[in-house]
Every structure is written in structure tokens, then in C-alpha cells.
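Engineer: There's a structure below that I have some questions on.
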Amino acid sequence: MRIRLLIVVGTFMTALTMTLGLVLYFGRDNHTPPPSPPRALDEGPVALAPPNASIGQLQDHLRRQPRDYLGWAQLGVALIDQGQATVDHTLYTQADRALSNSLRIESDYNDVALRGRAELAYLRNDFGGAISWADQALSVNARDQSSNLLRIDALIKLGRYDEALLSAKELYALDPSAGAVIRLARLSELSGNPARAKMLLIRAGELATARTDRLQVFTAQGDLALRQGDFTAAANAYREARRIDPTYPPAVAGTAQALYTQGRLTTAIRWYRDLAQRVPEPEYVAELGDLYTAAGKTVSASNQYDVVSTWQTIASDNGVRVTMDLANFAADHGKHQLALRLAKAEWKKRHSIEVADAVAWALHVSGQDKEAVPFANYAARTGYKDANFLYHRGMIERGVGNTARARELLTEALKLNPRFSPLQAPLARKALQDLKAGPSTKPSAKPSTTPSAKPSTTPSTTPSTTPSTTPSTTPSTTPSTTPSTTPSTKPSTTPSAKPSTTPSAKPSTTPSAKPSTTPST
Numbered sequence: 002m003r004i005r006l007l008i009v010v011g012t013f014m015t016a017l018t019m020t021l022g023l024v025l026y027f028g029r030d031n032h033t034p035p036p037s038p039p040r041a042l043d044e045g046p047v048a049l050a051p052p053n054a055s056i057g058q059l060q061d062h063l064r065r066q067p068r069d070y071l072g073w074a075q076l077g078v079a080l081i082d083q084g085q086a087t088v089d090h091t092l093y094t095q096a097d098r099a100l101s102n103s104l105r106i107e108s109d110y111n112d113v114a115l116r117g118r119a120e121l122a123y124l125r126n127d128f129g130g131a132i133s134w135a136d137q138a139l140s141v142n143a144r145d146q147s148s149n150l151l152r153i154d155a156l157i158k159l160g161r162y163d164e165a166l167l168s169a170k171e172l173y174a175l176d177p178s179a180g181a182v183i184r185l186a187r188l189s190e191l192s193g194n195p196a197r198a199k200m201l202l203i204r205a206g207e208l209a210t211a212r213t214d215r216l217q218v219f220t221a222q223g224d225l226a227l228r229q230g231d232f233t234a235a236a237n238a239y240r241e242a243r244r245i246d247p248t249y250p251p252a253v254a255g256t257a258q259a260l261y262t263q264g265r266l267t268t269a270i271r272w273y274r275d276l277a278q279r280v281p282e283p284e285y286v287a288e289l290g291d292l293y294t295a296a297g298k299t300v301s302a303s304n305q306y307d308v309v310s311t312w313q314t315i316a317s318d319n320g321v322r323v324t325m326d327l328a329n330f331a332a333d334h335g336k337h338q339l340a341l342r343l344a345k346a347e348w349k350k351r352h353s354i355e356v357a358d359a360v361a362w363a364l365h366v367s368g369q370d371k372e373a374v375p376f377a378n379y380a381a382r383t384g385y386k387d388a389n390f391l392y393h394r395g396m397i398e399r400g401v402g403n404t405a406r407a408r409e410l411l412t413e414a415l416k417l418n419p420r421f422s423p424l425q426a427p428l429a430r431k432a433l434q435d436l437k438a439g440p441s442t443k444p445s446a447k448p449s450t451t452p453s454a455k456p457s458t459t460p461s462t463t464p465s466t467t468p469s470t471t472p473s474t475t476p477s478t479t480p481s482t483t484p485s486t487t488p489s490t491k492p493s494t495t496p497s498a499k500p501s502t503t504p505s506a507k508p509s510t511t512p513s514a515k516p517s518t519t520p521s522t
């Protein structure tokens, strides 16, 4: 009986095996085959680098496992982070090589290296390249938060505000996050609605749970308050950021600026000096030099300006476009023709309101106020309120003889922030006094009284003598939703920022002095 049972069971199992084999054999062509593994794995197993490994550990690992494409990507990202933290731009060149090695081994499934490429391009001020690399990273992983945020930031830098707004809304709908709302707040401010920007940053704070998100929210709140003249709120926001990380550079720099606006020059110098010694970012070093100038310490100021010039050379040698950084610095420090060449070169690359303002100011300090007017108007087209922008427009209007308008703009600039710049705010007050006193001769086109800096006279690119005014791309279509005009602390749907007026895809040879007054929705 037992033998018969075993025979029956054995016969059944044999039949079942044959049946399954036939099903698998004849049915296999009806199923899509699995995707091929990454090429890096075709040649055999590769040991992966440990997570959160240091730069040295990654380098040692890659000597043993040179085909670990993720290890090369991790190394590239780590070098970028270190370069940012130390302002050592030679590390960007090393990061470039590491990311290239990673993508050479594996280019199809390598979103980590593609995202690293996007970040590196952004830090080198190659904003078009940043968008291209971010798009490639998103084609591998569409939900990648970092790549999406990088893409939005690059669109803002290029002046493609409507596209940035649409992307930020889509990202918020996909994954409501503090990062997305911070971008929506920035776009609200750029479109002339700081009240809504403030409300959106409150919402961002509600969403922020990660340490880095909370740091960014508090710092953004401080920056907004500072630009809008609420210095107490700015100081409080920066203090909250420093409670999370006492060394966070943007919060430390913001604290120094808030101290200066409150009239505490000596204390502001101390904060900036400590920051610049630790993180010699050119913006911080130049600001420290300006504070030294305001304090009458011209030798110390000149030393800081020389550091900025040295940075420009090193950064340019390591693939960083420095035209915009150097243009603003040169315009305020006696290098007017250099400022004009660089600002025009940047205008050929992108049409943001910041670049338009830089071109306008460079033209003014070079004695070309009439030519500056269209650029100043272009910079004002979105309604963005910034004391520096208002001051620049006021001085340009004064230069072309529009004294009433000049008085309005200079008054507004000083009301918004009486100490918006250690160098330029005193000149704004003097110009306003002269305008109130009555007609006078045309002001000098060279307002800077600071020690002459010594930036390189050779820009990294050779600009055209006439700025191109045709945007590299046509602005995006109008976002489908109509933005709310009433701020809300907790929007039930996607937060919206009032988009800017879309510039014409084919502007004339100079920016239109009369942009459309109907904003897109």
C-alpha cells in the first residue's frame, strides 16, 4: 500500500513538473523581459562603498573597486559639498572628474551622478546646464526632490519665472514639502507680493521637519524680513536658525547684516570677520570690506577687496562663471568699464531682473544713463521691491533729468531700508538732499568712494559690446491655475505665487521700457 501511494505521488509530481515546464516554456514570450542590469554589473560583482563614507574612505574604496559607479558618484557629491563648505573651487574640478568616471561606467540608471552634475553646473553659474542635467536625473527618478528643486532654482536664475512657478506648483502637488513652498515664497516676493511670501514661509515652517529644511525656512524668513525693512523680525529669524546650527553661513551673514541695519557697525564687522575667516565666500568678504570702509578702515577694506580678486581668478580657473559676481563688485568699487563688459556678457546668457539691474547700474556708473533706463525698467517689470533696485533706478532717473521720479524712488529705497548698503546708502541720502534743495548739475557717473579693488581685467568670457536681448528660450505657457491674491497661512490646495509678467519672446534690441501691465495667471 505504501509503495502504491509513493508511486501515485511520484507520478503526480512528475506530471505537475512537466505541466509547469510547458507553461513556462510556451508562455515566456508573452511577458516583457526584465530590464538589463547596469553595465557596471555585467563584468561581475562590485563591492559598494559604505554609506556616509568620508572623502578619504571613498578614495580608498575606489582604488580597490574602480568600477563602482555609485562610489564615484558619492565621491563627486562629497567633493561638491566640501567645496561649498570651504569655498575651495579646486574641489569642483575633482568632483567633475569623479562624476565623469561614474557616468562613463553607468549612464542609464545613474541618477545620483546626474543630480551631482546638475548641482555642480548650478554652483558654476551654468544655469542652463543645471536644468539639462536635472532633467536627465528626473528621467531616471521623477520624484527626486533635490533635482526638482535645483531645476526650479536654475529657472529663477535664468529669469524664467513662469516656468519656475509652474514647476514649483507641480512639485508641491506631487510631494508637499518645505523646499517647494520656499520656492513659491521667493517667486511671490519677486512678483511684488512680499505679504504672500511671508505667509508661504509660515506654511513652509509647518512642513519643515528635517534639520536642513528648518534651517532654510528660518533663513528665508530672515532674508525676506531684512529686504522688507523689518530688522527685528529678521534678527529673530536668524537667531532661530543659529539655534539649529550656530555655524550656518547664511544665517550668520544675515545676523551681521541685521546688526548693521540696526546701527551696530562694530559688532557687524566682528560677525562678518569671523565668518569670512571660516568661509571666505566672495560675497561675505566684499561685504566685510564695505563695512571696513564705512568704519574708515581703508587698509583693512583694501585687503578684503584683494581677496575677492584672488577668488575670481581661482574660481574662473576651475570652471565657475564669475561675470555676475564680479560685475556687481566692480560697479561699486571703481571698475566701471569692467562692470559694464561683464554685465553685458551675463545679459547674453540670461534675462533675470537681477541681471537687468546689474546692466542698468553698470551703464549708469559708466555715464550712460539714457541707455540704462530700459534695463532699469525691465528690472522693475515684476514689481519686486528691493532697496538696491530702487536706489539704482532713482540715480538713473536723476541722471536723465527726471527729478520728481528720482526723489520718489530714492525716498522709497531709504524708507524700505535706511542702511541698505554701507557704501551706497550714504550716497542715496546725499542725492536726495540735493534733489530736495533744487535743480543742480547732472551728478557724477562715478559715485563710488571706496578704495579701488584690483579684480582681473580679463573676464572669463569675451562679451559682446552690445548686449543681446533675445532670451535663449521662449517663456513657458501660463500656469493653469489662477494664483490667489489673498495670503493664506495654510493653503488647502497648492500654494501659488503671483507670476511675473512674461517678457516677449522677441524683444527689441533693448529691453522694453513699457512691459505689459497684465500679469499672467
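According to the working numbering, the sequence shown holds residues 2 to 522 in order. In this text, a Cβ means the ideal position worked out from N, Cα and C, and glycines have one as well. From a predicted model like this one, the values you see are computed outputs, not experimental measurements.
#1: Is the CB-CB distance between Leu343 and Ala328 below 7 Å?
#2: Roughly how many whole angstroms lie between the Cα atoms of Leu202 and Gly439?
#3: Verify the CB distance criterion: does Leu260 have a CB-CB separation below 7 Å to chain C?
#4: Residues in the same chain with beta-carbon distance under 6 Å from Pro281, minus the five sequence neighbours each way, listed in chain order, please.
#5: Quick check for students: name the residue ranges of the alpha helix (DSSP H) that lie wholly in the region 260–326, counting only runs of 4 or more.
#6: With a 10 Å radius around its C-beta and 16 neighbouring C-beta atoms as the bar for buried, classify Ser189 as buried or exposed.
#7: Roughly how many whole angstroms lie between the Cα atoms of Gly400 and Leu225?
#8: Would you call Ala196 buried or exposed, if buried means 16 or more other Cβ atoms sit within 10 Å of its Cβ?
#9: Look up Ser101 in the DSSP assignment and say whether it is helix, strand or coil.
#10: How many angstroms separate the CA atom of Ile132 from the CA atom of Ala242?
#11: Assign Gln278 to buried or exposed, taking buried as 16 or more other Cβ atoms, counted over all protein chains shown, within 10 Å of its Cβ.
#12: What separation, rounded to the nearest whole angstrom, lies between the Cα atoms of Arg244 and Gln85?
#13: May I ask you to verify whether the region 310–329 touches the region 290–301, counting CB pairs closer than 8 Å and requiring at least 3?
#14: With distances taken Cα to Cα, identify the nearest neighbour of His365 among Gly335, Asp387, His352, Arg382.
#15: Can you tell which of Gly395, Thr262, Arg161, Ala363 has the C-alpha that lies nearest to the C-alpha of Ala235?
#16: What runs of the alpha helix (DSSP H), each 4 residues or longer, lie entirely inside the region 164–230?
#17: Using 8 Å as the cut-off, can you tell me whether the region 135–147 makes contact with the region 338–355, which would need three or more C-beta pairs spanning the two stretches below that distance?
#18: For Thr61 and Ala414, I'd like the C-alpha separation in whole angstroms.
#19: What did DSSP end up calling Gly129 once you bin it into helix, strand or coil?
#20: In angstroms, rounded to a whole number, what distance separates the CA positions of Pro427 and Leu410?
#21: Among Thr383, Leu433, Tyr93, whose alpha-carbon lies nearest the alpha-carbon of Glu398?
#22: From which residue to which residue does the alpha helix (DSSP H) around Val366 run?
#23: Roughly how many whole angstroms lie between the Cα atoms of Thr91 and Asn319?
#24: Should Pro185 go down as buried or exposed, given a rule of 16 or more other Cβ atoms within 10 Å for buried?
#25: Please state whether the Cβ-Cβ distance between Asp291 and Pro177 is less than 7 Å.
#26: Around the C-beta of Lys431, are 16 or more other C-beta atoms found within 10 angstroms, so that it is buried, or is it exposed?
#27: Taking Gly575 and Ala99 to be in contact with their CB atoms under 8 Å, please state how far apart those CB atoms are, rounded to whole angstroms.
#28: Apply the 10 Å Cβ neighbour rule to Asn53 and answer buried if 16 or more other Cβ atoms are within range, or exposed otherwise.
#29: Note down the Cα distance separating Ala269 from Val360, rounded to an integer number of angstroms.
#30: Apart from the five residues just before and just after Ala587, which ones in its own chain have a Cβ nearer than 6 Å to its Cβ?
#31: Might you give, ordered along the chain, the residues of its own chain that have their beta carbon closer than 8 Å to the beta carbon of Leu124, omitting 5 neighbours on each side?
Structural biologist: Put simply:
#1: Here residue 343 refers to the residue found at position 342 when the sequence shown is read from its first residue. Here residue 328 refers to the residue found at position 327 when the sequence shown is read from its first residue. Yes, the pair counts as a contact, with Cβ atoms nearer than the cut-off.
#2: Stepping through the sequence shown from its first residue, residue 202 is reached at position 201. Stepping through the sequence shown from its first residue, residue 439 is reached at position 438. Spanning the two alpha carbons is a distance of roughly 44 Å.
#3: Here chain C cannot be found, since the structure has a single protein chain.
#4: Here residue 281 is taken as the residue at index 280 of the sequence shown, counted from 1. Closer than 6 Å at the Cβ level, and outside the excluded window around Pro281, lie Val88.
#5: 266–279, 283–295, 299–318
#6: Here residue 189 corresponds to residue number 188 of the sequence shown, with the count starting at 1. That one is buried.
#7: In the sequence shown, residue 400 corresponds to position 399, counting from 1. In the sequence shown, residue 225 corresponds to position 224, counting from 1. Distance between the alpha carbons of Gly400 and Leu225: 30 Å.
#8: Counting from 1 along the sequence shown, the entry for residue 196 is found at position 195. Its Cβ having fewer than 16 others within 10 Å, Ala196 is exposed.
#9: The residue you call residue 101 lines up with position 100 of the sequence shown. In this structure, Ser101 counts as helix in the three-state DSSP scheme.
#10: In the sequence shown, residue 132 corresponds to position 131, counting from 1. In the sequence shown, residue 242 corresponds to position 241, counting from 1. Each residue's Cα considered, the two are about 29 Å apart.
#11: Within the sequence shown, the letter at position 277 stands for residue 278. Exposed, by the Cβ-count rule.
#12: Within the sequence shown, numbered from 1, the residue matching residue 244 stands at position 243. Within the sequence shown, numbered from 1, the residue matching residue 85 stands at position 84. Rounded to whole angstroms, Arg244 to Gln85 spans 22 Å at the Cα level.
#13: no
#14: As a working mapping, residue 365 is identified with position 364 in the sequence shown. It is Gly335 whose Cα lies nearest to the Cα of His365.
#15: Within the sequence shown, numbered from 1, the residue matching residue 235 stands at position 234. Per the Cα distances, Thr262.
#16: 179–191, 195–208, 212–228
#17: no
#18: For the purposes of this step, residue 61 is taken as residue 60 along the sequence shown, with counting starting at 1. For the purposes of this step, residue 414 is taken as residue 413 along the sequence shown, with counting starting at 1. Sequence inspection shows Asp at residue 61; the Thr mentioned does not correspond to that position. If I take the Cα positions, the gap works out to 55 Å.
#19: The count along the sequence shown starts at 1 and reaches residue 129 at position 128. Three-state result, Gly129: helix.
#20: Numbered from 1 along the sequence shown, position 426 holds the residue referred to as residue 427. Numbered from 1 along the sequence shown, position 409 holds the residue referred to as residue 410. C-alpha separation (whole angstroms): 15 Å.
#21: The residue you call residue 398 lines up with position 397 of the sequence shown. The option with the nearest alpha carbon to Glu398 is Leu433.
#22: Counting from 1 along the sequence shown, the entry for residue 366 is found at position 365. From DSSP, the alpha helix (DSSP H) with Val366 extends over 354–366.
#23: As a working mapping, residue 91 is identified with position 90 in the sequence shown. As a working mapping, residue 319 is identified with position 318 in the sequence shown. Distance between the alpha carbons of Thr91 and Asn319: 6 Å.
#24: Here residue 185 refers to the residue found at position 184 of the sequence shown. Rather than Pro, the amino acid found at residue 185 in this sequence is Leu. That one is buried.
#25: Start at 1 with the first residue of the sequence shown, and residue 291 comes out as number 290. Start at 1 with the first residue of the sequence shown, and residue 177 comes out as number 176. For Asp291 and Pro177, no; Cβs fall outside 7 Å.
#26: In the sequence shown, residue 431 corresponds to position 430, counting from 1. Lys431 is exposed by the Cβ-count criterion.
#27: Limits of the chain in this structure are 2 at one end and 522 at the other, which puts residue 575 out of reach.
#28: Along the sequence shown, one-based indexing puts residue 53 at 52. Asn53 should be labelled exposed.
#29: Position 268 of the sequence shown, counting from 1, holds the residue named residue 269. Position 359 of the sequence shown, counting from 1, holds the residue named residue 360. Whole-angstrom Cα-Cα distance: 30 Å.
#30: This structure does not reach residue 587, given that the chain is present from 2 up to 522, and the question cannot be answered.
#31: Translated into the one-based positions of the sequence shown, residue 124 becomes position 123. Excluding residues within five positions, the ones whose Cβ falls inside 8 Å are Ile81, Gly84, Gln85, Tyr93, Val321.
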